[in-house]
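**Q** Residue numbers (this note's numbering), protein chains in the order written: chain S, 10 to 148; chain X, 10 to 148; chain B, 10 to 148; chain C, 10 to 148; chain L, 10 to 148; chain D, 10 to 148. Don't be surprised by glycine CBs; every beta carbon is placed ideally from N, CA and C. All figures in this text were calculated on a predicted structure; none of them were measured in a lab.
Protein chains: 6
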Amino acid sequence: MSTVKPVSQAETTPRVKVVFDDIRATRGSEHINHFWRYLAFDPSLLEATWAEVKQVMATPSALDPLTKELIYIAVSVANGCGYCVHSHTAAARAKGMSAAQHADLLAVVGLAARTNHLATALQVPVDSAFDRDAVPDRS
Amino acid sequence: MSTVKPVSQAETTPRVKVVFDDIRATRGSEHINHFWRYLAFDPSLLEATWAEVKQVMATPSALDPLTKELIYIAVSVANGCGYCVHSHTAAARAKGMSAAQHADLLAVVGLAARTNHLATALQVPVDSAFDRDAVPDRS
Amino acid sequence: MSTVKPVSQAETTPRVKVVFDDIRATRGSEHINHFWRYLAFDPSLLEATWAEVKQVMATPSALDPLTKELIYIAVSVANGCGYCVHSHTAAARAKGMSAAQHADLLAVVGLAARTNHLATALQVPVDSAFDRDAVPDRS
Amino acid sequence: MSTVKPVSQAETTPRVKVVFDDIRATRGSEHINHFWRYLAFDPSLLEATWAEVKQVMATPSALDPLTKELIYIAVSVANGCGYCVHSHTAAARAKGMSAAQHADLLAVVGLAARTNHLATALQVPVDSAFDRDAVPDRS
Amino acid sequence: MSTVKPVSQAETTPRVKVVFDDIRATRGSEHINHFWRYLAFDPSLLEATWAEVKQVMATPSALDPLTKELIYIAVSVANGCGYCVHSHTAAARAKGMSAAQHADLLAVVGLAARTNHLATALQVPVDSAFDRDAVPDRS
Amino acid sequence: MSTVKPVSQAETTPRVKVVFDDIRATRGSEHINHFWRYLAFDPSLLEATWAEVKQVMATPSALDPLTKELIYIAVSVANGCGYCVHSHTAAARAKGMSAAQHADLLAVVGLAARTNHLATALQVPVDSAFDRDAVPDRS
Numbered sequence: 010m011s012t013v014k015p016v017s018q019a020e021t022t023p024r025v026k027v028v029f030d031d032i033r034a035t036r037g038s039e040h041i042n043h044f045w046r047y048l049a050f051d052p053s054l055l056e057a058t059w060a061e062v063k064q065v066m067a068t069p070s071a072l073d074p075l076t077k078e079l080i081y082i083a084v085s086v087a088n089g090c091g092y093c094v095h096s097h098t099a100a101a102r103a104k105g106m107s108a109a110q111h112a113d114l115l116a117v118v119g120l121a122a123r124t125n126h127l128a129t130a131l132q133v134p135v136d137s138a139f140d141r142d143a144v145p146d147r148s
Numbered sequence: 010m011s012t013v014k015p016v017s018q019a020e021t022t023p024r025v026k027v028v029f030d031d032i033r034a035t036r037g038s039e040h041i042n043h044f045w046r047y048l049a050f051d052p053s054l055l056e057a058t059w060a061e062v063k064q065v066m067a068t069p070s071a072l073d074p075l076t077k078e079l080i081y082i083a084v085s086v087a088n089g090c091g092y093c094v095h096s097h098t099a100a101a102r103a104k105g106m107s108a109a110q111h112a113d114l115l116a117v118v119g120l121a122a123r124t125n126h127l128a129t130a131l132q133v134p135v136d137s138a139f140d141r142d143a144v145p146d147r148s
Numbered sequence: 010m011s012t013v014k015p016v017s018q019a020e021t022t023p024r025v026k027v028v029f030d031d032i033r034a035t036r037g038s039e040h041i042n043h044f045w046r047y048l049a050f051d052p053s054l055l056e057a058t059w060a061e062v063k064q065v066m067a068t069p070s071a072l073d074p075l076t077k078e079l080i081y082i083a084v085s086v087a088n089g090c091g092y093c094v095h096s097h098t099a100a101a102r103a104k105g106m107s108a109a110q111h112a113d114l115l116a117v118v119g120l121a122a123r124t125n126h127l128a129t130a131l132q133v134p135v136d137s138a139f140d141r142d143a144v145p146d147r148s
Numbered sequence: 010m011s012t013v014k015p016v017s018q019a020e021t022t023p024r025v026k027v028v029f030d031d032i033r034a035t036r037g038s039e040h041i042n043h044f045w046r047y048l049a050f051d052p053s054l055l056e057a058t059w060a061e062v063k064q065v066m067a068t069p070s071a072l073d074p075l076t077k078e079l080i081y082i083a084v085s086v087a088n089g090c091g092y093c094v095h096s097h098t099a100a101a102r103a104k105g106m107s108a109a110q111h112a113d114l115l116a117v118v119g120l121a122a123r124t125n126h127l128a129t130a131l132q133v134p135v136d137s138a139f140d141r142d143a144v145p146d147r148s
Numbered sequence: 010m011s012t013v014k015p016v017s018q019a020e021t022t023p024r025v026k027v028v029f030d031d032i033r034a035t036r037g038s039e040h041i042n043h044f045w046r047y048l049a050f051d052p053s054l055l056e057a058t059w060a061e062v063k064q065v066m067a068t069p070s071a072l073d074p075l076t077k078e079l080i081y082i083a084v085s086v087a088n089g090c091g092y093c094v095h096s097h098t099a100a101a102r103a104k105g106m107s108a109a110q111h112a113d114l115l116a117v118v119g120l121a122a123r124t125n126h127l128a129t130a131l132q133v134p135v136d137s138a139f140d141r142d143a144v145p146d147r148s
Numbered sequence: 010m011s012t013v014k015p016v017s018q019a020e021t022t023p024r025v026k027v028v029f030d031d032i033r034a035t036r037g038s039e040h041i042n043h044f045w046r047y048l049a050f051d052p053s054l055l056e057a058t059w060a061e062v063k064q065v066m067a068t069p070s071a072l073d074p075l076t077k078e079l080i081y082i083a084v085s086v087a088n089g090c091g092y093c094v095h096s097h098t099a100a101a102r103a104k105g106m107s108a109a110q111h112a113d114l115l116a117v118v119g120l121a122a123r124t125n126h127l128a129t130a131l132q133v134p135v136d137s138a139f140d141r142d143a144v145p146d147r148s
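(1) Beta-carbon separation of THR58/B and ARG123/D under 9 Å?
(2) What is the DSSP secondary structure of SER85/B, counted as helix, strand or coil?
(3) Work out the CA separation of ASN42/C and ASP136/L for me, nearest whole Å.
(4) Taking 7 Å as the limit between beta carbons, can you name the residues of its chain near SER11/C, skipping five residues before and five after?
(5) Can you give me, in chain order, the residues of the segment 133-145 of chain C that have a beta carbon less than 9 Å from any beta carbon in chain B?
(6) ALA109/B: buried (16+ other C-beta within 10 angstroms of its C-beta) or exposed?
(7) Run through chain D and tell me which residues come within less than 8 Å of SER11/S, C-beta to C-beta.
(8) Against ALA9/X, what residues of chain D qualify as contacts under a CB-to-CB distance less than 7 Å, listed in chain order?
(9) Note down, in chain order, every chain B residue with its Cβ under 7 Å from the Cβ of THR129/D.
(10) Relative to the C-alpha of ALA60/C, which candidate in ASP73/C, PHE29/C and ALA101/C has its C-alpha closest?
(11) Report the residue from PRO15/D, LEU79/D and LEU55/D whose alpha carbon sits nearest the alpha carbon of ARG24/D.
(12) Buried or exposed: SER38/S, going by 16 or more other Cβ atoms within 10 Å of its Cβ?
(13) So, at 6 Å on beta carbons, what are the nonlocal neighbours of ALA83/D in its own chain, with the 5 sequence-adjacent residues on each side left out?
(14) Using only the alpha-carbon positions, how far apart do GLU20/D and LEU120/X sit?
(15) Please report the distance separating the alpha-carbon of THR76/L from that of ASN125/D.
(16) Whole angstroms is fine: what's the gap from GLY101/L's alpha carbon to SER70/L's?
(17) Runs of 4 residues minimum, wholly inside the segment 40-95 of chain D: which ones carry the alpha helix (DSSP H) assignment?
(18) Give me the Cα-Cα distance between LEU115/C and SER53/X, rounded to the nearest whole angstrom.
(19) Helix or strand or just coil, what does DSSP make of GLN132/S?
(20) Closest to ASP31/X by CA distance: which of LEU131/X, ILE80/X, ALA103/X and ALA67/X is it?
(21) Taking VAL27/D as part of the alpha helix (DSSP H), name the residues at either end of that continuous run.
(22) Once the 5 residues before and after ALA34/L are set aside, which same chain residues still bring their CB inside 7 Å of it?
(23) 9 Å is my cut-off, CB to CB: does HIS95/S come that close to chain C?
(24) Short check: CB of VAL140/D to CB of ALA112/X, under 9 Å?
(25) Taking the alpha carbon of VAL133/X as the point to measure from, which residue in LEU72/S, ALA130/S, VAL94/S and ALA143/S has its own alpha carbon closest?
(26) CA-CA distance, ILE80/L and SER85/X?
(27) If we ignore side chains and look at the alpha-carbon of each, how far apart do VAL16/D and ALA103/L end up?
(28) Roughly how many whole angstroms lie between the Cα atoms of GLY105/B and THR98/D?
(29) Quick one, which residues of the segment 38-49 of chain X are near chain C if we go by CB-CB under 9 Å, in chain order?
(30) Would you kindly work out how many angstroms separate the C-alpha atoms of LEU176/L and GLY91/D, rounded to a whole number?
(31) So is ALA173/B buried or exposed if we call it buried at 16+ other beta carbons inside 10 Å?
(32) Against ALA121/S, what residues of chain L qualify as contacts under a CB-to-CB distance less than 9 Å, listed in chain order?
(33) Taking 9 Å as the CB-CB limit, is ILE80/C close to chain L?
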């Protein structure tokens, strides 16, 4: 069940084919997962979304690829996106996430959720020590 | 402003003092941040929460301490807990997070939020390739 | 799967029949979607909910019917309600939403989610220019 | 700071005055809290919202008044509404919530948040035993 | 579909068997629901999670068992955890929740969600009367 | 209070100045709101975010500018981003949103939140009539 109909012959649309080919080349896999196939109902949305995913997730940056996948899973869990939890857990495993790391991720996510709710329930005022606006310019 | 009144002389309560002393010893810092000072209105809740934070965040495990802080921040952002975003961004910095890593974290969090909302809007069906229930027992 | 059992002969309950007949008359359709059939386990909850839906969505007001459906979808996506995303996407289409408008809606929803998370991660202070409390009484 | 300007002489608007007087009479208190004062920028929205609050929270029903306030706080925490957490914690206290009950509420909220996130991270399939659709009609 | 594979012979792992036996004894039921069976992929996570559930939900405390289940459902709904809504609605029913109480719970949850969103949209400033920090120490 | 320190002389950084000048030219206003000033701690993140905001919000598309702002506000409310609610309510007003339209927006947002929570609490199964996957290819 979905709210848009995936185009059955998506790759006969040239703009879609260019994106799908780039996904395959970037990931080194023939599999195009459903997210992209449904998003293809609008080529502009597909292009813009893939461009950002490629830039953020597939370009070397300050954090390593596995750490970025763990962060992605964490956000997806907190936002309650089942599809995203599935796809990024699979991606993290493909990038080497062990069962122990998966369990550790879940322990942190569960703990954060717990203290997030406690801090919100208490309406704790922020410590002045945490305020970056107060840091002198040259420190 | 808060929903509970912090006990002004929290450490005259022996159970609170034991927890505060352990927080100081574990973190190597005299500062007890507000979260713990307000949570101290109920010593049992304070003890149980600190025990889990110490176990998950301050005990060596499959993920390194900075990675765990980054995940903590990600969940806190998605759950909209301002206090937690502040306290764990400060903690991540204390554990060595660079400005470039901070920016990278934010890029992943922002991207995940975007695709989480798109996947939910499309109601994308989960790819069978992601299903772990279908993995044979001995594979 | 559901957490309540829909009454198989819902319309033999007079209060339920009155609401269902009004839904049909208001919408000009014989179809009563599942939401109402399950909510009918409690006639008072059914009546109160339908009364508000009819008042807000089916009464001419400052925003046109399609704009109201787009807003409804946006909230439902952010709240992660799959059922609601489905039912209101169908409703928006019935009120004339084109594929291009649907894609535009998704682009805005995805962008908003991204900047929402960034602003929360940065804990940006609100600009005084945005404060309505500061607007003089006679301005 | 707010996004609307409260009318300084709200009660010179007859429709607003009727609602404010009913809030005072229902609650047995002269205090009209900010939520209502800001919502008064639109008398229809004020009337509709107060009518539902009065019906659900101030009319005897299957759950007692304090239990309803505890549920209200729980939802407000999970939705991250700071104002609502404040106003309903004060209301629960006014209806007799003890410090021990408050701590117990927070323990349940924190635990639920933790297991909510774990179940979402695991994408646990629902047990057939929980399905009400499967219950025979006459059971 | 799930993101981890439940161990088919979970109870051949001694640490898992100890937890499962305690769940059965505590609940007086042979049924171990899916949440625990999937969480068993990591015995430490299983033990820590069950320990907290048992402490908070199955130990006599300031709130009665049914009230705690209602709060649990409320948080689970607001966090959008379908599995948790199912399992705790079933648990509440097992502890005596009537259909009228269930409907009342839903009415409060729905109302809270509505006013949570209104207060956030208005960015209502918190009334000073709600501030516990301002309460004198000896009051 | 914020989690990053805004660079006091942001516009001495050439990449930041280019973005700020484009924001001013695009909006026809000298005011650069805080979101951009804090995001400037990382020029790449600033550039990527502004590029998407300009593309989605300031380029003519299938939905008119005011409708897009209303959708933006709706998502920001549901995600609990106070800053975003402020900035986009101001933007909507600058684009002509009347008080009556604002009230109508809030009525829809509040209603959607209420039924989102009810549908999640009931775990209503999706009607087959809503399924776009089932629509024949040539219909």
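**A** For this structure:
(1) yes
(2) helix
(3) In this structure, the straight-line span from the alpha carbon of ASP136/L to that of ASN42/C is close to 7 Å.
(4) TYR47
(5) VAL135, SER137, PHE139, ASP140, ARG141, ASP142, ALA143 and VAL144
(6) exposed
(7) ASP140, ARG141 and ASP142
(8) Outside the modelled stretch of chain X, which goes from 10 to 148, sits residue 9/X, for which no answer is possible.
(9) Those are CYS90, listed as they occur along chain B.
(10) Distance check between ALA60/C and each of ASP73/C, PHE29/C and ALA101/C places PHE29/C closest, using alpha-carbon atoms only.
(11) LEU55/D
(12) exposed
(13) VAL118
(14) As the crow flies, the alpha-carbon of GLU20/D is around 26 Å from that of LEU120/X.
(15) 23 Å
(16) In the sequence on display, residue 101/L carries Ala and not Gly. Approximately 17 Å between the Cα atoms of the pair.
(17) 43-48, 52-66 and 74-87
(18) 11 Å
(19) coil
(20) ALA67/X
(21) 23-36
(22) none
(23) yes
(24) Looking at the sequence shown, residue 140/D is not Val but Asp. Taking 9 Å as the Cβ cut-off, ASP140/D and ALA112/X do not qualify as a contacting pair.
(25) Relative to VAL133/X, the option among LEU72/S, ALA130/S, VAL94/S and ALA143/S whose CA is nearest is VAL94/S.
(26) 22 Å
(27) Using only the alpha carbons, I get a separation of about 58 Å.
(28) 26 Å
(29) LEU48
(30) Absent from the structure is residue 176/L, since the part of chain L shown begins at 10 and ends at 148.
(31) A query on residue 173/B cannot be resolved here, the shown segment of chain B reaching from 10 to 148 and no further.
(32) Neighbours of ALA121/S on chain L: none; closest Cβ ~13 Å, over 9 Å.
(33) yes
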